[in-house]
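First the structure, in the form of structure tokens, and then the observations on it.
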Amino acid sequence: MEQLLERFLSYVAVETQAKPQARQVPSSEGQWTLARQLQEELLALGFVDVTLSDHCCVMGTLPANVDWPTPVIGFISHMDTSPDFTAKHVNPQIIENYRGGDIALGNGNEILSPVMFPVLHKLTGHTLITTDGKTLLGADDKAGIAEIMTAMAQLAASDIPHGAIRVAFTPDEEIGRGTSHFDVEGFAADWAYTVDGSDLGEFEYENFNAASATVKIVGNNVHPGSAKGVMVNALDLANQFHAAVPAREKPQYTEGYEGFYHLHQIKGSVEHAEMLYIIRDFETESFEQRKQTLLQIAAEINKTLHPDCSVSVEITNSYRNMREKVEPFPHIIELALQAMRDCGIEPVVKPIRGGTDGSALSWKGLPCPNLFTGGYNYHGKHEFASLNIMAKSVEVIVRLAELAAQKKG
Numbered sequence: 202m203e204q205l206l207e208r209f210l211s212y213v214a215v216e217t218q219a220k221p222q223a224r225q226v227p228s229s230e231g232q233w234t235l236a237r238q239l240q241e242e243l244l245a246l247g248f249v250d251v252t253l254s255d256h257c258c259v260m261g262t263l264p265a266n267v268d269w270p271t272p273v274i275g276f277i278s279h280m281d282t283s284p285d286f287t288a289k290h291v292n293p294q295i296i297e298n299y300r301g302g303d304i305a306l307g308n309g310n311e312i313l314s315p316v317m318f319p320v321l322h323k324l325t326g327h328t329l330i331t332t333d334g335k336t337l338l339g340a341d342d343k344a345g346i347a348e349i350m351t352a353m354a355q356l357a358a359s360d361i362p363h364g365a366i367r368v369a370f371t372p373d374e375e376i377g378r379g380t381s382h383f384d385v386e387g388f389a390a391d392w393a394y395t396v397d398g399s400d401l402g403e404f405e406y407e408n409f410n411a412a413s414a415t416v417k418i419v420g421n422n423v424h425p426g427s428a429k430g431v432m433v434n435a436l437d438l439a440n441q442f443h444a445a446v447p448a449r450e451k452p453q454y455t456e457g458y459e460g461f462y463h464l465h466q467i468k469g470s471v472e473h474a475e476m477l478y479i480i481r482d483f484e485t486e487s488f489e490q491r492k493q494t495l496l497q498i499a500a501e502i503n504k505t506l507h508p509d510c511s512v513s514v515e516i517t518n519s520y521r522n523m524r525e526k527v528e529p530f531p532h533i534i535e536l537a538l539q540a541m542r543d544c545g546i547e548p549v550v551k552p553i554r555g556g557t558d559g560s561a562l563s564w565k566g567l568p569c570p571n572l573f574t575g576g577y578n579y580h581g582k583h584e585f586a587s588l589n590i591m592a593k594s595v596e597v598i599v600r601l602a603e604l605a606a607q608k609k610g
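Numbered by this note's numbering, the letters in the sequence shown go through residues 202 to 610 in order.
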């Protein structure tokens, strides 16, 4: 665990926050810094075919140590951190043998409390890595990187039988660009696992179908003193539109396999208004129906408007449910579940209420479900990780490599 912690702390020290407004990939210079560091570490471990692409994707191969043909499996994590909260000068705290109760974050008034985050109740005795209350931590997904690298170091230094193993570290996953330049053919794995989950035993091979919707509203502005019968207030139309969206189908009312509409931004004036929604659903049919619902709401409002005023909806698909591309290969799922059980972990199979690089990669032809990391409360100052669970992730990765080598090709 000492090496695992050392790696993790070295990775979170590099500022790699994604920048949504940037046009280039990667969106931030720090991702290049971490990519070069990982490239050097892979070479030092004896990896071959180590590459760093023009768009900051690191790839490498741990050569097989068996003399029979085996599947080539891959492990993937992303280098960037979320733009949702500051990631400058990450200063982790190490809490050894957590005894329960509140954890003070730094010298301020911020605390990490089991009252707000009940998961802490089951982590007594663990070594926890927290923030100082001023930044996010970066466990999403530098915990995954540290776990992959530590597992690869163990395999490289041992006689545990394994086939060729490919690893990749991607940029800009947090802003949806992590796989835009990923060379699936060059990666040349039969299948892979992203290491980008959370709680012990989590295993995910299905995720939301996702789309974004931009609602543009054109009103008519005149002096309010002479507005009767003439003014069409775009902000009123925005309220009317949102009121017609199913009230209980919003993130704060949904869980599990329930989809939602999420209004996350609204701006405007009497003349013009704009609303930004995200649409999420696990099932293709109901996903398409959600898109149609927004279009129908706009159509109904437009029936009441002067031709110079309007409500329009532009929908852009974001990513799709990986289940359709993973389920045809049940051995990928069963191998991961067996690896967890072999490591004394009871698997928790659940859907991802979001997306990962694995969803896009699965649709590009690389089946790629998701493994746990031991990180919690991502994207904010209350983010933390359990070093004990991170170590269990390393065990699972090593065991997966060993099990894959038993599937002689």
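Virtual Cβ for every residue (Gly too), placed ideally from N, Cα, C.
Which residues in the same chain as L536 place their Cβ atom closer than 7 Å to its Cβ, once the five residues preceding and following it in sequence are excluded?
-> On the sequence shown, residue 536 is found 335 positions in, with the first residue counted as 1. Here the set comprises L601, L604 and A605.
Which partner residues does F409 have in the DSSP bridge list?
-> On the sequence shown, position 208 is the one that residue 409 refers to. Its beta-bridge partners do not exist; DSSP assigns none.
For T485, count neighbouring C-beta atoms within 10 Å of its own C-beta (all shown protein chains included) and say buried if the count is 16 or more, exposed if not.
-> Locating residue 485 in the sequence shown gives position 284, counting from the first residue. By the neighbour-count rule (16 or more Cβ atoms within 10 Å), T485 is not buried but exposed.
By the 10 Å Cβ neighbour count, where 16 or more other Cβ atoms means buried, how is Y577 classified, buried or exposed?
-> Position 376 of the sequence shown, counted from the first residue, corresponds to residue 577. Buried: at least 16 other Cβ atoms inside 10 Å.
Using a Cβ-Cβ cut-off of 7 Å (strictly less than) and excluding sequence neighbours within five positions of Y520, which residues of its own chain qualify?
-> Counted from its first residue, the sequence shown places residue 520 at position 319. So the list reads A411, G556, S560 and A561, once near-sequence residues are dropped.
When DSSP builds the beta bridges, which residues end up paired with L538?
-> For the purposes of this step, residue 538 is taken as residue 337 along the sequence shown, with counting starting at 1. None; L538 has no bridge partner.
Taking only the alpha-carbon atoms, compute the straight-line gap between L338 and I295 and give it to the nearest angstrom.
-> Locating residue 338 in the sequence shown gives position 137, where the first residue counts as 1. Locating residue 295 in the sequence shown gives position 94, where the first residue counts as 1. If you take the alpha carbons of L338 and I295, they lie about 12 Å apart.
Thinking C-alpha only, which one of F530, I598 and Y299 is nearest K323?
-> On the sequence shown, position 122 is the one that residue 323 refers to. Of the candidates F530, I598 and Y299, the one whose C-alpha sits nearest the C-alpha of K323 is Y299.
Could you tell me if T262 is buried or exposed, where buried requires 16 or more neighbouring beta carbons within 10 angstroms of its beta carbon?
-> By one-based count along the sequence shown, residue 262 stands at place 61. Looking at its Cβ environment, which holds 16 or more other Cβ atoms inside 10 Å, T262 is buried.
Among V419, M350 and L572, which one has its Cα closest to the Cα of V512?
-> By one-based count along the sequence shown, residue 512 stands at place 311. Here the closest residue by C-alpha is V419.
For Y458, does the count of other Cβ atoms within 10 angstroms reach 16, so buried, or fall short, so exposed?
-> Here residue 458 refers to the residue found at position 257 of the sequence shown. Exposed: under 16 other Cβ atoms inside 10 Å.
Taking only runs that begin and end inside the stretch 456-480, name each unbroken alpha helix (DSSP H) of 4 or more residues, in chain order.
-> none
Determine the direct distance from the alpha carbon of R237 to that of A389, and round the result to whole angstroms.
-> Here residue 389 refers to the residue found at position 188 of the sequence shown. Here residue 237 refers to the residue found at position 36 of the sequence shown. A389 and R237: Cα-Cα distance of roughly 22 Å.
Going straight from the alpha carbon of P264 to that of T252, what length do you get?
-> Residue 264 sits at position 63 when you count from the first residue of the sequence shown. Residue 252 sits at position 51 when you count from the first residue of the sequence shown. C-alpha separation (whole angstroms): 15 Å.
For L436, write down the residues that DSSP places opposite it in a beta bridge.
-> Your numbering for residue 436 matches position 235 in the sequence shown. Answer by DSSP bridge pairing: none, since L436 is not bridged.
At least 3 beta-carbon pairs within less than 8 Å: the stretch 221-235 vs the stretch 320-335 = no
Using only alpha-carbon positions, find the residue among V213, D281 and L239 that is nearest to A176.
-> It is not possible to answer for residue 176, since the shown part of the chain is limited to 202 through 610.
Counting along the chain, where does the alpha helix (DSSP H) carrying D342 start and finish?
-> Locating residue 342 in the sequence shown gives position 141, where the first residue counts as 1. A340 to A357 is the extent of the alpha helix (DSSP H) around D342.
Are the beta-carbon atoms of T517 and L477 separated by less than 8 Å?
-> Numbered from 1 along the sequence shown, position 316 holds the residue referred to as residue 517. Numbered from 1 along the sequence shown, position 276 holds the residue referred to as residue 477. Result no, Cβ atoms of T517 and L477 do not sit closer than 8 Å.
Going along the chain, which residues of its own chain have a beta-carbon closer than 6 Å to the beta-carbon of D303, five neighbours each way excluded?
-> Within the sequence shown, numbered from 1, the residue matching residue 303 stands at position 102. These residues qualify, in order along the chain: I312 and S314.
Please state whether DSSP places H279 in a helix, a strand or coil.
-> For this step, residue 279 is matched to residue 78 along the sequence shown. Strand.
Q355 CB to nearest heavy atom of the ligand NAD below 7 Å | The ligand NAD is not part of this structure, which contains no ligands at all.
Three-state secondary structure (DSSP) of L567 | As a position in the sequence shown, residue 567 is number 366, starting the count at 1. In the structure shown, L567 sits in coil (DSSP, three-state: anything other than H, G, I, E or B).
Secondary structure at Q441, three-state DSSP: helix, strand or coil?
-> What you label residue 441 is simply residue 240 of the sequence shown in a count that begins at 1. Here Q441 sits in helix by DSSP.
As assigned by DSSP and simplified to three states, the class of A214 = On the sequence shown, position 13 is the one that residue 214 refers to. DSSP places A214 in coil when its eight states are reduced to three.
Residues bridged to I516 [DSSP beta-bridge criterion] = The residue given as residue 516 occupies position 315 in the sequence shown. Partner(s): A414.
Determine contact between the stretch 356-370 and the stretch 534-553, defined as no fewer than three beta-carbon pairs at a distance below 8 Å.
-> no
What span of residues does the beta strand (DSSP E) with S587 cover, start to end?
-> Working through the sequence shown from its first residue, we reach residue 587 at position 386. Segment F585 to S587, the beta strand (DSSP E) holding S587.
Residue interval of the alpha helix (DSSP H) (run including L253) = Indexing the sequence shown from 1 puts residue 253 at position 52. No alpha helix (DSSP H) holds L253; the beta strand (DSSP E) holding it covers V249 to L253.
For F442, collect the residues of the same chain with a Cβ closer than 8 Å to its Cβ; drop the 5 residues on either side in sequence, then sort them by chain order.
-> One-based indexing of the sequence shown puts residue 442 at position 241. If we look at F442 and ignore the five residues flanking it on each side, its Cβ neighbours are V416, I418, M476, I498, A499, I502 and V512.
Excluding the five sequence neighbours on either side, which residues of its own chain have a C-beta within less than 6 Å of the C-beta of V368, listed in chain order?
-> Counted from its first residue, the sequence shown places residue 368 at position 167. If we look at V368 and ignore the five residues flanking it on each side, its Cβ neighbours are G261, F276 and I349.
C-beta atoms of E596 and M523 nearer than 8 Å | The residue you call residue 596 lines up with position 395 of the sequence shown. The residue you call residue 523 lines up with position 322 of the sequence shown. Their beta carbons are not under 8 Å apart, which means E596 does not touch M523 by this criterion.
Would you decide whether E528 is buried or exposed? Buried here means 16 or more other CB atoms lie within 10 Å of its CB.
-> Residue mapping note: residue 528 aligns to position 327 of the sequence shown, counting from 1. So E528 counts as exposed.
What are the partner residues of M260, as DSSP defines its beta bridges?
-> In the sequence shown, the residue the question calls residue 260 occupies position 59. Paired residue(s): T252 and A369.
Around the Cβ of L244, are there at least 16 other Cβ atoms within 10 angstroms (buried) or fewer (exposed)?
-> For this step, residue 244 is matched to residue 43 along the sequence shown. By the neighbour-count rule (16 or more Cβ atoms within 10 Å), L244 is not buried but exposed.
How is G387 classed by DSSP in three states: helix, strand or coil?
-> Mapped onto the sequence shown, residue 387 falls at position 186. DSSP places G387 in helix when its eight states are reduced to three.
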